[in-house]
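Student:
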Amino acid sequence: MMHAKHPRESLIVNTDQVMINDLNNYNTLFGGVLMKKLDNNATLSARRHARVKECVTASTDSIDFLYPITQSDSVCVESFVSYTGSKSMEIFCKVIAEDMMTGERRMAATAFLTFVALDEHKKPLPVPGILPETEEETFLYESGKERAEQRHVRRMQSKELNNIIALEKPWEKGAVTS
Numbered sequence: 356m357m358h359a360k361h362p363r364e365s366l367i368v369n370t371d372q373v374m375i376n377d378l379n380n381y382n383t384l385f386g387g388v389l390m391k392k393l394d395n396n397a398t399l400s401a402r403r404h405a406r407v408k409e410c411v412t413a414s415t416d417s418i419d420f421l422y423p424i425t426q427s428d429s430v431c432v433e434s435f436v437s438y439t440g441s442k443s444m445e446i447f448c449k450v451i452a453e454d455m456m457t458g459e460r461r462m463a464a465t466a467f468l469t470f471v472a473l474d475e476h477k478k479p480l481p482v483p484g485i486l487p488e489t490e491e492e493t494f495l496y497e498s499g500k501e502r503a504e505q506r507h508v509r510r511m512q513s514k515e516l517n518n519i520i521a522l523e524k525p526w527e528k529g530a531v532t533s
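For what it's worth, this note's numbering labels the leading residue of the sequence shown as 356, then goes sequentially.
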């Protein structure tokens, strides 16, 4: 059996400046730019935890944008494995914006992503469990089972929806064929 790991063993911290081309028409960071940063960080946390060459994003469970990030801010993404199933890993990400002029720091976003570790044949691998140490890690770990159950329900609903989603080209809907 695999030994469990502490969340700090999968911790990835990445800080960047906000560039003008990262901004939307409100002069705040594009959500998609932040989503890419989150996925990159979370991938590294998953790979560090599982110690494998390849981990894939199974889902982006939630991203809560809490505070806008502007060009005068730096953006720091911290991620770590917060909960595991037998073959999946929940990665918690927090985004801290820091005003580079004043030093004020604020929680800009939080996110949960789920990853699966793959072997050389692209098959899911078992992953180590989690041994939380801090109050934050313990809270995330103890609430992780409920989030995993919610993901399972949502995945079943997505599969059900997938069975009825139309694949026709929108411009060909209702076209009469002879």
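C-beta atoms are modelled at their ideal positions from N, C-alpha and C, and glycine is treated no differently.
#1: Going by C-alpha distance, which of Cys410, Phe385, Pro362 is nearest Glu491?
#2: Between which two residues does the alpha helix (DSSP H) containing Ala359 stretch?
#3: Report the option in Phe447, Tyr438, Glu453, Ala472 whose CA atom is closest to the CA atom of Ala466.
#4: Can you tell me whether DSSP reads Gln426 as helix, strand or coil?
#5: Just the C-alpha distance for Met456 and Ser427, rounded to the nearest angstrom, thanks.
#6: Quick check on the burial criterion: 16 or more other C-beta atoms within 10 angstroms. Buried or exposed for Met357?
#7: Grab me the residues of Val482's own chain with a C-beta within less than 6 Å of its C-beta, minus the 5 sequence neighbours each way, in chain order.
#8: Using the C-alpha atoms, what's the distance from Ile451 back to Gly484?
#9: Using the C-alpha atoms, what's the distance from Ala359 back to Asp474?
#10: What span of residues does the beta strand (DSSP E) with Asn369 cover, start to end?
Tutor: Reading it off the structure:
#1: The option with the nearest alpha carbon to Glu491 is Pro362.
#2: No alpha helix (DSSP H) contains Ala359, which DSSP labels as neither H nor E.
#3: Closest in C-alpha terms to Ala466, from the list Phe447, Tyr438, Glu453, Ala472, comes Phe447.
#4: coil
#5: Whole-angstrom Cα-Cα distance: 7 Å.
#6: exposed
#7: Ala405, Thr439, Met444, Ala472
#8: 27 Å
#9: If you take the alpha carbons of Asp474 and Ala359, they lie about 19 Å apart.
#10: 367 to 372
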